[in-house]
Amino acid sequence: MAELSEKTGLAIWERLQKHFKEKEDPKEEAAPLKDMTKEEALNYLRKKLNEKKD
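Mapping the sequence shown onto the numbering used here, position 45 (from 1) lands on 40, and the numbers just tick up by one.
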């Protein structure tokens, strides 16, 4: 099972937030993160990471 550190997850979340501000049409896979809080996004990313490892 892969681990996603909080620091890494927050960096991903912040970068995606910047992406959403710059682009009108975000990639579909990342779109659910647009309206999530940092904690929700971390949990979502961990779940996705674990799904890809299985």
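Built from N, CA and C at the ideal position, the CB exists for glycine as well.
Only a predicted model underlies this, so the values are computations on that prediction, with no experimental measurement involved.
- With respect to L(-1), L11 sits apart: the two C-beta atoms are not nearer than 9 Å.
- Taking C-beta atoms as the reference points, L40 and W8 count as a pair closer than 9 Å.
- By the Cβ-count criterion, A6 is exposed, with fewer than 16 other Cβ atoms from all chains shown falling within 10 Å of its own Cβ.
- When the five nearest sequence neighbours on each side are left out, the beta carbons in the same chain lying within less than 7 Å of the beta carbon of K33 are those of L5 and W8, in order along the chain.
- The three-state reading of DSSP puts E35 in helix, counting H, G and I together.
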